């Protein structure tokens, strides 16, 4: 009889094991996999799991960051630290055509900016490197259309998602077959919640961008969101004034599109405590999600992550 | 909401519970799930505010009563948009446990969706309307749960308020379900009278049903113990060979049975190589031992050949190995199952070619009656025999889900067309061994001074396949080659006499012709096959019987119009008149070869020219 002398496993152990299985399945089944790296907390957890899954080998896939040129400066600095570790390649792709046309969230609005600098840019990069599997950090608890998405989510040669025609997924027996030009998006954190992510970051001591921790930052209130003025491109309107307020970010994206929350949580313990008593949804600070013509489901169909 | 901070605390003691909810909206399933999330204190304020607004708007006469079904409205939105109703996953924590709920659609046309949810679940909450008792759908839901290996069910008898909280109504339903559950393989049932609308026995125990002394639904879910299936002998499918440099060679995988410790003797299956475990590398670094559910990397004490798809098992208690099985199959393809067609089968981390050899019967999902059938259509369950082209290490599904559960994938369009549960190995495969013979194909070919091969002519009826093949054979014969022409029409008079022209029979027809051609090539002959062979999948299966460079697909490419204009046998005229059914090109499909080895476009060319083109490709040795 095998009476276990091993310590009882927590739900984080289960989630970790599931994610590692998914990473290994991708590496074993695809020709050119890549991990999409967005520099946020979920990406930090993904990167940690990627390293664990293949230890002691180097991770067998590069990271790809689609840079809209509007990320917080602290995010870019953090990305450079990750690249400096030297155990994996960090590819950075910018939609140069969009840049030449001067597409920005300030002049073109959130929807156009996201379409051109994120979605189109991602497709360019996937085509350029001919990646057949792209791993992302999306979680099903984030948003309704994500709750319906598979862990191995098929994309046709035009990178489109067809929510009506998804492959059924049984057990952890994933169908990884694609034809040339087709690809899958893979979501190892599908079954994690925001709280799980923070608990795991705490348990594993995973570095994250300091913007997640509260501190006085210059913010301006615009359209109900607290926007941090991260550089001179953000021109203040008449009557607007940047003021120092103690804020932090629950999600990170392009700074003009990412609302801060007032908070005094400046440590992991405090963030987790705040989460436990938090009564609002995670993505409420995302300006893009609230644009009704640009629902997540539509964006995803067109190739957004 | 005073309980919120306490309920959504962060100490999670009892691990993760994955469960599904089944029932239809009419049973109050959305309401129950919404109420459960609310009582667990996990509904954010912004959602709660929206809920209050929506409830007031939709139920103006109901005052400030919250409609909890609106909390799970992802599904309602799907319905409005007419999207296939899919499993919706929800996540919540309480101080005692973390939960993943797969909210499964209940209607028969969504059986496959329910099965996907059930495949990863340890427990099911089955909803019954107290006024209606057990219905056909209760039976169907319980059957699918049992089929997918869920051994524990919570039978939530809902709408108790509408039967006056009457204990006898509850008792009657309990008695009925006690009879049903064992038939379906459900070992343990927890019975629970609830009223989802008012929350009685959902989060907290109800004072309206003092005769019920058990826990509330939430208390039950928090405390229930799940027996770990497969907690027996050590099993680990190899996912990835980790070999960063010559100093390290490890086999990465997730343990799906038992435990492994340093020093244990293991065997690599389906082969017989043994070794001892030298290191167990876990995500936390080297450990002494690891057990089911952990993702690890094992290093062995000697160099043996291990690849992805192998199973590392306890050497003293190895897994059974076979290549023929009986199994349950849930069909999910839009195109019905074709017995004898080759599909990819993935079990654990192994992918092999497989075909369903026979459908013993199908199981009516509503009544569990066994019915004779030759087809298996979308959402139907069949009991089948299965043949693989290689041995696999396996376990019956009820012993180990990972080594007993498989998917079938269509080799052409890559759709997942079935999930299956292995039952028994067929003894016949274990007892029939391949006999090694000293005289082989190359020897036989050499004595004929030729390289044996197969020329496979495919194309529409009347395209000229047999005419051209005949000319090629005459030419080869004149050059001194030893040949045989297998004509599709001719074999139907003999070995394939019992086959017709249905899709299923066409698949079997081509399989037999391919096997016969293969035997003849093995005998050292140059074999010419002339058969319509309309499906890409079967032509590909034929090619795979042969070694590389041994099989040439010759596409005799004539349009339907050309063939019909020619119509030497008068078949097109009969087909147009409705006298012949399933006629390729008229009312049955022809899938054009995507990459034929030899492509003969017939328009404006003489058969002799084309025969010459083919014969030129035959190499002498």
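Chains as they are written, first to last, in this note's numbering: chain A, 1 to 305; chain B, 1001 to 1621. Positions of the beta carbon are idealized from the N, C-alpha and C atoms, including for glycine. Being a predicted model, the structure only gives us computed values, none of them experimental.
Contacts with chain A (Cβ-Cβ distance below 7 Å) from the segment 1094–1109 of chain B involve 1098, 1100, listed in chain order. With respect to chain B, the C-beta atom of residue 20 (chain A) has a partner C-beta closer than 8 Å. Listed along the chain, the chain B residues whose CB falls inside 7 Å of the CB of residue 79 (chain A) amount to none; the nearest CB is some 24 Å away.
Burial check for residue 1424 (chain B): the Cβ neighbour count within 10 Å stays below 16, so the residue is exposed. Rounded to the nearest whole angstrom, the C-alpha separation of residue 1033 (chain B) and residue 1560 (chain B) is 57 Å. At a cut-off of 8 Å between C-beta atoms, residue 1537 (chain B) does not count as an interface residue with respect to chain A.
Under the DSSP assignment, residue 1211 (chain B) falls outside any alpha helix (DSSP H); it carries neither an H nor an E label.
Residue 1119 (chain B) is not a Cβ neighbour of residue 192 (chain A), given a cutoff of 8 Å.
With a 10 Å radius around the Cβ and a threshold of 16 neighbouring Cβ atoms, residue 1442 (chain B) comes out exposed. Within chain A, 24, 27, 28 have C-beta atoms less than 7 Å from the C-beta of residue 1240 (chain B), given in sequence order. Excluding residues up to 5 positions away in sequence, 1157, 1160, 1170, 1201, 1209, 1212 lie with their Cβ nearer than 7 Å to the Cβ of residue 1193 (chain B) in the same chain. As the crow flies, the alpha-carbon of residue 137 (chain A) is around 39 Å from that of residue 1265 (chain B). Of all residues in the segment 162–191 of chain A, those with a C-beta nearer than 9 Å to a C-beta of chain B are 163, 164, 165, 166, 167, 168, 169, 170, 171, 172, 173, 174, 175, 176, 177, 178, 179, 182, 190, 191, reading in chain order. Within the segment 1298–1325 of chain B, the complete beta strand (DSSP E) runs of at least 3 residues fall at 1311–1314. Every beta strand (DSSP E) of 3 residues or more that sits fully in the segment 1221–1283 of chain B is shown, in chain order, as 1235–1237, 1240–1245, 1248–1254, 1259–1261, 1265–1269, 1273–1282. A direct Cα-to-Cα measurement between residue 1491 (chain B) and residue 1518 (chain B) gives close to 15 Å. Spatial neighbours of residue 1597 (chain B) in its own chain (CB-CB distance under 6 Å, excluding positions within 5 residues in sequence) are listed in chain order as 1552, 1553.
Closest option to residue 1487 (chain B), judged by alpha-carbon separation, among B:1504, B:1481, B:1454, B:1502: B:1454. A residue is called buried once 16 or more other Cβ atoms fall within 10 Å of its Cβ, and residue 33 (chain A) is buried on that count. Sequence-distant partners of residue 240 (chain A) (beyond 5 residues in either direction) whose C-beta falls short of 6 Å from its own C-beta, in its chain, are 220. At least one C-beta of chain A is nearer than 8 Å to the C-beta of residue 1409 (chain B). Taking C-beta atoms as the reference points, residue 36 (chain A) and residue 82 (chain A) fail to come closer than 8 Å. Residue 1301 (chain B) is positioned such that its CB atom lies no closer than 8 Å to that of residue 1268 (chain B). Looking from the CA of residue 17 (chain A), the closest CA among B:1117, B:1254, B:1066, B:1174 belongs to B:1254.
Chain-ordered listing is empty here: chain A has no CB closer than 7 Å to the CB of residue 1310 (chain B), the nearest sitting near 12 Å. Closer than 8 Å to the CB of residue 1370 (chain B) there is not a single CB belonging to chain A. Counting C-beta pairs with one atom in each stretch, the segment 47–59 of chain A and the segment 84–91 of chain A have three or more that are closer than 8 Å, which means they touch. Contact of residue 1138 (chain B) with chain A is not assigned, every C-beta pair being separated by 8 Å or more.
Think of a sphere of 8 Å around the beta carbon of residue 46 (chain A): no beta carbon from chain B falls inside it, the nearest being about 14 Å out.
For the segment 53–80 of chain A, residues whose beta-carbon sits nearer than 9 Å to a beta-carbon of chain B comprise 53, 54, 55, 56, 57, 58, 60. Chain-order list of chain B residues neighbouring residue 140 (chain A): 1089, 1091, by C-beta distance under 8 Å. For a Cβ distance threshold of 9 Å, nothing in chain A lies close to residue 1522 (chain B): the least Cβ distance comes to about 31 Å. Residue 1385 (chain B) has a beta carbon lying at 8 Å or more from every beta carbon in chain A.
In this structure, residue 217 (chain A) sits near residue 244 (chain A), with a CB-CB distance shorter than 8 Å. A straight-line Cα-Cα distance of about 40 Å links residue 147 (chain A) and residue 1245 (chain B).
The shortest C-alpha to C-alpha distance from residue 133 (chain A) to any of A:212, A:31, A:41 is the one to A:31.
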